[in-house]
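Reviewing the structure listed below.
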Amino acid sequence: MPAGPRVLIENAWYHLMVRGNQQQRVFFDEQDHRVCLCILRKYKKRFKLQLCGFCLMPNHIHLVAKPQKPRDLAKFMHDTLRAYTAYFNERYGKVGHLWQGRYKSKVIVEEGYLRDCIRYLELNPVRSQIVKEPAEYPWSSFRERMLMKKITVGLLDEISF
């Protein structure tokens with residue numbers, strides 16, 4: 054059965070998640086992560102999205118984003134995922150799908166849930182036992198948000214709670 058239409062709300066934040074096909078790894082090394090961050094930055098700018106949280110896990114991606122125009126959310130995700138798939142397939146000599154189905158999106162309607170959602174995705178590497186502390190994981194927004202380390206210049210937008 055096909056998925057139903059997405060809920061699109063003006064001026065809303067969204068928790069976005071996409072997983073590797075058959076839960077396969079989509080990031081193997083630093084280059085993969087950095088390329089993905091560059092792609093995110095490019096399409097974030099093109100589609101005028103705000104981004105206040107992210108986490109690139111070995112087999113999936115979490116984002117917390119707010120599009121200027123809700124309909125651009127799908128275009129942003131399509132172009133971002135297509136560009137990373139093209140990079141990945143070229144680099145690793147693969148063909149076909151990299152991602153498992155369409156991306157998931159949940160509207161964030163409460164400020165408290167926005168904070169909880171960012172915290173949830175930044176703690177993902179700890180829950181997965183990749184690191185002991187979120188500051189140890191270089192591929193999430195935690196370092197930039199909490200420690201003011203600009204590892205992803207131009208990717209995160211400041212928001213006030």
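The sequence shown begins at 54 in our numbering and counts up one residue at a time. Note that the Cβ used here is the ideal one computed from N, Cα and C, for glycine as well.
Taking 8 Å as the cut-off, the beta carbon of Phe100 is found closer than this to the beta carbon of Asp125. Judged by DSSP secondary structure, Gly106 falls within the beta strand (DSSP E) whose first and last residues are 102-110.
A straight line joining the alpha-carbon of Ala118 with that of Leu209 spans about 10 Å. The residues Trp66, Ile161, in chain order, have a CB closer than 6 Å to that of Leu167 in the same chain once the five nearest residues on each side in sequence are set aside.
Pro58 and Ile171 have their C-alpha atoms spaced approximately 25 Å apart. A check of alpha carbon separations from Leu90 across Met199, Leu151, Leu134, Arg198 identifies Leu134 as the nearest. By the criterion of at least three beta-carbon pairs nearer than 8 Å, the stretch 64-80 is in contact with the stretch 135-154.
Only exposed fits Gly146, as fewer than 16 other CB atoms lie within 10 angstroms of its CB. Leaving aside the five residues that flank Leu200 on each side, the residues in its chain whose CB is nearer than 7 Å to its CB run, in chain order, Ala188. In the structure shown, Leu93 falls within a helical segment according to DSSP collapsed to helix, strand and coil. By the neighbour-count criterion, in which 16 or more other beta carbons inside 10 Å mark a residue as buried, Ile114 falls on the buried side. Assigned with DSSP and collapsed to three states, His150 falls in coil, not helix or strand. DSSP places Arg72 inside the beta strand (DSSP E), whose first and last residues are 66-72. Taking the CA atoms as reference points, Phe107 sits about 7 Å from Leu174.
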